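Protein chains in written order, with our numbering: chain A, 1 to 168; chain B, 169 to 513. Only one structure is covered here, and it is reproduced in the block below.
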Ligand SMILES: [Zn+2]
Ligand SMILES: [Zn+2]
């Protein structure tokens with residue numbers, strides 16, 4: 001299936017939205033999903049519909065998985081196939097296999113937010129902020145550059161008497 | 169008369185329409201929704217209902233509950249139009265319920281992609297207020313629901329992408345001038361690099377006709393709630409500043425002034441209005457109003473209209489299905505009645 005936004009690349013994610021009072025589904029490629037604000041941590045890793053997590057295991061031995069979570073009955077294969085964890089206990093039952101994936105998604109970060117029943121922790125210096133300042137700085141420079149280019153183009157256009165399609 | 173949050177004035181609402189904080193929570197002793205049986209779903213819904221009843225009466229009196237399985241399509245779509253839930257939530261109604269308050273500022277999706285997804289919205293840029301309110305509600309619900317949590321990876325969620333705080337803060341922003349200047353796509357890719365997403369709403373396109381966007385901080389692990397909100401505020405403020413500068417520049421041109429005046433005239437006098445056309449006119453008129461170029465109406469009055477004239481919401485208010493022609497006629501009537509008292513300087 002081809003991406004319904006760019007019409008060029010193969011679609012890898014489906015997104016739902018409301019168009020004119022109706023629930024509508026679009027198939028998007030990873031690039032368009034990012035451009036339209038539908039990307040998640042898993043989007044960049046995806047190469048087709050279906051599971052992302054299974055990609056992490058494609059090179060492992062393909063023996064059928066027997067172990068199931070005693071609480072919800074999910075096998076690790078179920079989780080990998082659907083990208084959905086079965087229940088809260090699965091995180092312990094399959095810790096040896098889920099934690100490496102979590103590390104690949106998030107790096108070495110660990111939870112530093114709210115603990116149940118406690119107050120919200122105070123803000124700390126953190127990495128997203130450093131990255132933000134860099135990108136924002138670049139964006140401002142880029143904008144300055146574009147503004148001067150646009151002013152130049154406008155003055156050139158005035159000199160040339162304007163383009164033809166905005167006449168009448 | 170019960171005012172909705174979007175009919176209320178908020179700080180910086182020339183650009184920032186609203187601030188929303190969403191918290192994703194699950195219970196320990198029930199499977200996550202994809203593996204829930206119907207009795208499991210019933211159990212989870214009943215527990216949420218009871219937990220809400222136990223909250224201070226000031227909050228819980230206000231909650232409506234909609235069982236999605238019983239809802240007509242237009243009702244369900246109208247929930248999405250009014251931002252009470254996500255499109256994914258209504259795509260599969262089985263076992264799902266939506267709790268929401270009369271002013272539509274608090275809603276709780278039950279048995280969607282997680283057991284609970286609670287969200288609080290405040291008008292304008294009041295992210296801190298929304299965070300505090302969401303934090304309080306979460307703490308109170310946790311007393312009876314005991315949300316699943318792990319000290320290293322935080323709140324446990326059905327998808328690995330929400331682990332950690334399970335908290336997703338969003339600013340609803342209006343960027344008509346940046347959109348006309350063709351700057352939105354680059355802003356969106358800059359934002360994506362930082363873990364934010366910029367998504368058009370009220371219309372799923374890249375360049376949504378109404379120029380209303382949602383700017384969301386997607387990072388949930390390795391960052392605290394307050395940090396995530398601070399970062400969103402700072403990038404939101406940057407976007408707002410650029411939009412204001414772009415508006416000043418744009419509205420200095422006779423072409424843009426002409427477009428604003430014409431848009432207002434059309435809204436005032438049209439006898440039939442398609443929703444997509446309304447959105448385009450809304451974007452111009454709102455920009456004109458906030459820049460003081462036109463007066464006599466408040467931005468929140470216009471935003472109230474934006475919510476009221478959406479297709480499914482109109483059918484819901486009418487209490488019956490409407491033909492496209494009836495919808496367009498009613499929309500035009502509603503718009504011109506709200507705009508009637510205003511006049512240009
Ligand atoms: Zn594409
Ligand atoms: Zn399990």
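C-beta atoms are modelled at their ideal positions from N, C-alpha and C, and glycine is treated no differently. Predicted, not measured: the structure shown is a model, and the values here were computed from it.
Query: Which of helix, strand or coil DSSP assigns to residue 495 (chain B); Result: helix
Query: Distance, residue 509 (chain B) Cα to residue 28 (chain A) Cα; Result: 45 angstroms
Query: Short-range partners of chain A found in the stretch 441-459 of chain B, where Cβ spacing is below 9 angstroms; Result: 442, 443, 444
Query: Coil, strand or helix - residue 32 (chain A) by DSSP; Result: helix
Query: Within-8 angstroms CB hit, residue 120 (chain A) to chain B; Result: yes
Query: Through-space distance from residue 153 (chain A) to residue 190 (chain B), alpha-carbon basis; Result: 44 angstroms
Query: Identity of the residues DSSP links to residue 16 (chain A) by a beta bridge; Result: A:25
Query: Selection of the stretch 7-29 of chain A by Cβ proximity to chain B, strictly under 9 angstroms; Result: 15, 16, 17, 18, 19, 20, 21, 22, 23, 24, 25, 26
Query: Min CB distance residue 194 (chain B) to chain A below 8 angstroms; Result: yes
Query: Distance, residue 149 (chain A) Cα to residue 273 (chain B) Cα; Result: 44 angstroms
Query: Residue 76 (chain A) at chain B interface by Cβ criterion, 8 angstroms; Result: no
Query: Pocket of ligand 1 (residues with CB nearer than 7 angstroms to any heavy atom), chain order; Result: A:3, A:5, A:6, A:8, A:9, A:28, A:29, A:31, A:32
Query: beta-carbon residue 74 (chain A) near ligand 2 non-hydrogen atom, thresh 7 angstroms; Result: yes
Query: Beta-carbon spacing of residue 452 (chain B), residue 344 (chain B) below 8 angstroms; Result: yes
Query: Status (buried if at least 16 other CB within 10 Å, exposed otherwise) for residue 342 (chain B); Result: buried
Query: Ligand 2 heavy atom lying under 7 angstroms from the CB of residue 89 (chain A); Result: yes
Query: For residue 252 (chain B), the residue or residues it bridges with in DSSP; Result: Bridge partners of residue 252 (chain B): none, in fact.
Query: Three-state secondary structure (DSSP) of residue 285 (chain B); Result: strand
Query: Through-space distance from residue 250 (chain B) to residue 480 (chain B), alpha-carbon basis; Result: 10 angstroms
Query: Pairwise C-alpha distance: residue 392 (chain B) and residue 82 (chain A); Result: 29 angstroms
Query: Helix, strand or coil at residue 191 (chain B) according to DSSP, with G and I counted as helix; Result: strand
Query: is_contact[residue 1 (chain A), chain B] using C-beta, thresh 8 angstroms; Result: no
Query: Distance between beta carbons of residue 267 (chain B) and residue 216 (chain B), contact taken as under 8 angstroms; Result: 7 angstroms
Query: Beta-carbon proximity check, residue 299 (chain B) vs residue 397 (chain B), cutoff 8 angstroms; Result: yes
Query: Alpha carbon of residue 321 (chain B) to alpha carbon of residue 110 (chain A), nearest angstrom; Result: 6 angstroms
Query: Contacts that residue 261 (chain B) makes with chain A (C-beta to C-beta distance below 7 angstroms); Result: Those within 7 angstroms of residue 261 (chain B) in chain A number zero; the least Cβ separation is about 11 angstroms.
Query: Distance cut-off 7 angstroms: residue 352 (chain B) Cβ against heavy atoms of ligand 2; Result: no
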